[in-house]
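J.: Numbering-wise (the working numbering), the sequence shown opens with residue 79 and increments by one. Even for Gly, the Cβ is constructed at its ideal location relative to N, Cα and C. Remember, it's a predicted structure, so these values are computed and weren't measured experimentally. Just passing along the structure, written as structure tokens.
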Amino acid sequence: MKQFEKKAEFHPIHDRTYEADVVIVGGGGAGLASAISSMQAGAKKVIVLEKLGYLGGSTNVSGAALNAVDDKRQKAQGIQDSFETFYQSTMKGGHNVGNPELVRYMTRHSIDAVHWMESLGVKFKDHIGAATGSLGQRSHYPVDPSGNAYIRVFEKVIADSNGKIQVLLDTPAKSLIQDKSGRVIGVVADNFGSKVTVKAKDGVILATGGFGANVAFRQKVNTGVWKHVRLDDTIGCTNIQKAAQGDGLFMAQKAGAELIGLSDIQLHPCGTPGTGLMENIRTSGRNRIFVNSDGQRFVSEGAARDVLANAIFHQKGSTYWIVVNKLRYPSRDFKDSMGATIRDMVALGAVVEAPTLDELAQKTGMKAADLKASIQQYNDAVTGKQKDRFGFIANNTDDKPMTEGPWYACKKVPTVHHTMGGIRIDVKSEALNAKGQPIPGLYAVGEVTGGIHGANRLGGNAIADIMTFGHAVGPHIVQGK
Numbered sequence: 079m080k081q082f083e084k085k086a087e088f089h090p091i092h093d094r095t096y097e098a099d100v101v102i103v104g105g106g107g108a109g110l111a112s113a114i115s116s117m118q119a120g121a122k123k124v125i126v127l128e129k130l131g132y133l134g135g136s137t138n139v140s141g142a143a144l145n146a147v148d149d150k151r152q153k154a155q156g157i158q159d160s161f162e163t164f165y166q167s168t169m170k171g172g173h174n175v176g177n178p179e180l181v182r183y184m185t186r187h188s189i190d191a192v193h194w195m196e197s198l199g200v201k202f203k204d205h206i207g208a209a210t211g212s213l214g215q216r217s218h219y220p221v222d223p224s225g226n227a228y229i230r231v232f233e234k235v236i237a238d239s240n241g242k243i244q245v246l247l248d249t250p251a252k253s254l255i256q257d258k259s260g261r262v263i264g265v266v267a268d269n270f271g272s273k274v275t276v277k278a279k280d281g282v283i284l285a286t287g288g289f290g291a292n293v294a295f296r297q298k299v300n301t302g303v304w305k306h307v308r309l310d311d312t313i314g315c316t317n318i319q320k321a322a323q324g325d326g327l328f329m330a331q332k333a334g335a336e337l338i339g340l341s342d343i344q345l346h347p348c349g350t351p352g353t354g355l356m357e358n359i360r361t362s363g364r365n366r367i368f369v370n371s372d373g374q375r376f377v378s379e380g381a382a383r384d385v386l387a388n389a390i391f392h393q394k395g396s397t398y399w400i401v402v403n404k405l406r407y408p409s410r411d412f413k414d415s416m417g418a419t420i421r422d423m424v425a426l427g428a429v430v431e432a433p434t435l436d437e438l439a440q441k442t443g444m445k446a447a448d449l450k451a452s453i454q455q456y457n458d459a460v461t462g463k464q465k466d467r468f469g470f471i472a473n474n475t476d477d478k479p480m481t482e483g484p485w486y487a488c489k490k491v492p493t494v495h496h497t498m499g500g501i502r503i504d505v506k507s508e509a510l511n512a513k514g515q516p517i518p519g520l521y522a523v524g525e526v527t528g529g530i531h532g533a534n535r536l537g538g539n540a541i542a543d544i545m546t547f548g549h550a551v552g553p554h555i556v557q558g559k
């Protein structure tokens with residue numbers, strides 16, 4: 079496809095200048111949504127600069143959960159929800175430090191993003207789930223596994239754009255270009271040592287993601303929720319190492335943008351020991367318990383992510399087991415939301431499988447009596463038989479008692495997952511300076527921004543964020559609305 083201009087390392091894009099209406103820095107979910115939105119708003123030429131050799135960024139490897147109030151789908155499952163409930167949950171989950179205006183916009187318009195994506199060809203399941211730490215059952219998932227389902231649709235739209243959207247891979251942006259008045263008018267990038275200059279008539283949209291993989295920087299700014307935890311390289315990161323370095327933050331700051339909430343770093347409880355990646359059995363969804371090395375429950379499985387991770391750090395070895403059964407995996411070849419099967423996970427040694435709880439305890443080193451008691455506690459909470467000591471409430475309509483094997487256990491650790499702080503923006507995605515004034519020609523969308531998620535992001539709100547603001551930014555930058 080001609081619009082995907084990728085050259086091998088020994089055939090770089092030689093020093094040259096491109097002209098565009100809109101330039102997008104970052105080819106992940108936020109960047110591609112912004113590119114398509116800009117084209118639909120009337121941009122005749124959109125250029126996407128992508129640091130990696132492929133598109134998708136962290137969206138590619140995400141669980142794809144997208145939170146939205148959806149009367150049609152939710153009511154069919156007996157789920158009661160509202161825009162106000164979604165707003166309040168997001169504010170509360172973020173410790174009430176999020177920007178109310180931005181939170182209102184996202185919680186009200188994420189369903190518009192769902193409809194927009196459907197118009198492009200994304201197919202969502204009718205069944206609504208609950209991502210880990212979503213504090214509500216409103217998570218939409220694509221029919222095809224993982225966030226790559228979104229990227230494949232976006233790539234097709236780009237391929238069918240007749241060159242209106244052009245992608246330059248392996249071309250990391252290095253700096254923003256400003257005119258004498260301070261307006262951002264382009265980007266300087268690099269392609270294997272060759273300088274690439276891209277001029278932007280209408281403006282530049284930064285969609286470079288967060289800084290979770292930049293260990294030195296995350297330690298420097300770690301003065302918030304996790305100041306009692308050393309966020310050094312012993313704690314992994316779910317994001318792509320090369321991408322999540324905070325490049326967009328530093329470029330925006332040099333152009334005059336204010337960076338806010340940088341200490342608000344999120345840890346996810348679903349990391350794989352040794353890598354931090356979210357592989358194997360996921361913690362999201364239903365019918366699962368968290369137990370420590372002895373087999374004891376220690377937290378409400380429906381709690382917010384910061385609560386879950388903090389509770390894990392108080393367990394021996396700062397680790398735990400997620401335990402599921404046939405309710406989650408009806409057969410060894412059943413494919414979960416990421417397209418994985420228990421058969422493969424067991425073969426890789428990542429998951430322990432046993433027909434009974436006694437055998438599972440023996441294989442994992444847990445105490446059988448404690449493990450059985452934990453399962454009973456969870457079942458009593460799900461059925462309403464007894465109030466849970468950890469405050470678990472069965473607010474997911476899919477929650478059911480776990481009674482039969484086979485049983486599966488997977489060891490997990492906290493991992494850096496999302497950086498809530500970033501570029502200060504308004505509801506038009508305009509980058510703002512310390513006085514709250516827009517920097518002409520500069521916009522930001524996605525994890526590179528700050529103020530939307532407060533001190534803790536709800537599960538399912540990242541995709542909601544990038545798609546809500548990404549699909550809405552086009553008219554603002556192209557038409558000046």
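#1: In the DSSP output, what is Gly324 paired with across the bridge?
#2: Following the continuous alpha helix (DSSP H) through Ile390, name the residue where it begins and the one where it ends.
#3: Give the list of continuous beta strand (DSSP E) stretches no shorter than 3 residues that lie fully inside the region 441 to 498.
#4: For the region 134 to 141 against the region 310 to 322, are there 3 or more C-beta pairs whose distance is under 8 Å?
#5: Write down the C-beta distance between Asp268 and Val274 rounded to the nearest angstrom, noting that I regard them as a contact closer than 8 Å.
#6: Flag this pair as touching only if the region 282 to 291 and the region 155 to 163 have three or more C-beta atom pairs under 8 Å; answer yes or no.
#7: Would you identify the three-state DSSP class for Asp407, choosing helix, strand or coil?
#8: Near Lys234, which residues of its chain fall below 6 Å by C-beta distance, leaving aside the five closest residues on each side in sequence?
#9: Would you tell me roughly how many angstroms separate the C-alpha atoms of Phe289 and Pro433, rounded to the nearest one?
#10: What is the rounded straight-line gap between the Cα of Gly334 and the Cα of Ala509?
#11: How would you write the range of the alpha helix (DSSP H) that Ala425 sits in, first residue to last?
#12: Quick one: Cα of Asn300 to Cα of Val307, how far?
#13: Return the CA-CA distance between Arg360 and Tyr96, expressed in angstroms with no decimal places.
#14: Just to confirm, are Ile206 and Gln155 a CB contact at a threshold of 7 Å?
#15: Quick check on Asp99: does DSSP put it in helix, strand or coil?
#16: Is the beta carbon of Val505 closer than 7 Å to that of Val196?
#17: Select from Tyr407, Lys445, Ala98, His549 the residue whose C-alpha is nearest the C-alpha of Lys242.
#18: Looking only at DSSP bridge pairs, what is Asp268 linked to?
#19: Could you spell out the range, first to last residue, of the alpha helix (DSSP H) harbouring Lys150?
#20: Grab me the residues of Ala512's own chain with a C-beta within less than 6 Å of its C-beta, minus the 5 sequence neighbours each way, in chain order.
#21: If you check the beta carbons only, do Ile209 and Gly469 fall under 7 Å apart?
#22: Starting from Pro518 and walking both ways along the beta strand (DSSP E), at which residues does that stretch end?
#23: Taking 7 Å as the cut-off, decide whether the C-beta atoms of Asp543 and Ile555 are in contact.
#24: Can you confirm whether the region 458 to 469 touches the region 377 to 396 when touching is taken to mean that 3 or more C-beta pairs between the two stretches lie within less than 8 Å?
#25: In angstroms, rounded to a whole number, what distance separates the CA positions of Asp149 and Gly211?
#26: Please name the residue or residues paired with Arg502 in a DSSP beta bridge.
#27: Let me make sure I understand the geometry here. Which of Thr168, Gly214, Asp257, Met184 has the alpha-carbon closest to that of Thr475?
#28: Just reading off the beta strand (DSSP E) that Ile313 is part of, what are its end residues?
#29: What did DSSP end up calling Phe161 once you bin it into helix, strand or coil?
#30: Look up Pro178 in the DSSP assignment and say whether it is helix, strand or coil.
#31: In the DSSP assignment, what residue or residues form a beta bridge with Arg94?
#32: Candidates Arg502, Leu426, Arg535, Cys348: which alpha carbon is nearest Leu520's?
T.: To lay it out plainly:
#1: Per DSSP, Gly324 has no beta-bridge partner at all.
#2: Following the DSSP letters along the chain, one finds Ile390 inside the alpha helix (DSSP H) bounded by residues 383 to 391.
#3: Complete beta strand (DSSP E) runs here, min 3: 485 to 497.
#4: By the Cβ criterion, the region 134 to 141 is in contact with the region 310 to 322, since at least three pairs of Cβ atoms, one from each stretch, lie closer than 8 Å.
#5: Val274 and Asp268 do touch by the CB rule: their CB atoms are close to 7 Å apart, below 8 Å.
#6: By the C-beta criterion, the region 282 to 291 is judged not to be in contact with the region 155 to 163, since fewer than 3 inter-stretch pairs fall below 8 Å.
#7: Reading off the sequence, residue 407 comes out as Tyr, not Asp. Reduced to three states, the DSSP call for Tyr407 is coil.
#8: The answer is none, since no qualifying residue turns up.
#9: The alpha-carbon atoms of Phe289 and Pro433 are separated by roughly 42 Å.
#10: Gly334 and Ala509: Cα-Cα distance of roughly 9 Å.
#11: Looking at the DSSP string, the run of the alpha helix (DSSP H) that includes Ala425 is 420 to 425.
#12: Cα to Cα, the separation comes out at about 9 Å.
#13: Their Cα atoms are separated by approximately 43 Å.
#14: Yes; because the gap between Cβ atoms is below 7 Å, this pair is in contact.
#15: The answer is strand: DSSP assigns Asp99 an E or B state.
#16: Per the sequence shown, residue 196 should be read as Glu rather than Val. With respect to the 7 Å criterion, Glu196 and Val505 are not classified as neighbours on the basis of their beta carbons.
#17: Of all alpha-carbon atoms in Tyr407, Lys445, Ala98, His549, the one lying nearest the alpha-carbon of Lys242 is that of Ala98.
#18: In the DSSP output, where bridge partners are listed per residue, Asp268 has Lys273.
#19: For Lys150, the enclosing alpha helix (DSSP H) begins and ends at 149 to 154.
#20: Taken in chain order, the residues that qualify are Glu336.
#21: First, the residue type needs correcting, since residue 209 is Ala and not Ile in the sequence shown. No, these two residues do not count as a Cβ contact at 7 Å.
#22: Counting along the chain, Pro518 sits inside the beta strand (DSSP E) bounded by residues 516 to 522.
#23: Contact flag unset, no.
#24: Contact holds: three or more Cβ-Cβ distances are below 8 Å.
#25: Distance from the CA of Asp149 to the CA of Gly211, rounded to the nearest whole angstrom, comes to 21 Å.
#26: Note: Arg502 sits in a beta bridge opposite Gly528.
#27: Nearest option by C-alpha distance: Gly214.
#28: Ile313 -> no beta strand (DSSP E), and no H or E assigned at all.
#29: Helix at Phe161.
#30: In this structure, Pro178 counts as helix in the three-state DSSP scheme.
#31: For Arg94, which the question treats as bridged, DSSP gives the partners Val274.
#32: Selected option, being the one with the closest Cα: Arg502.
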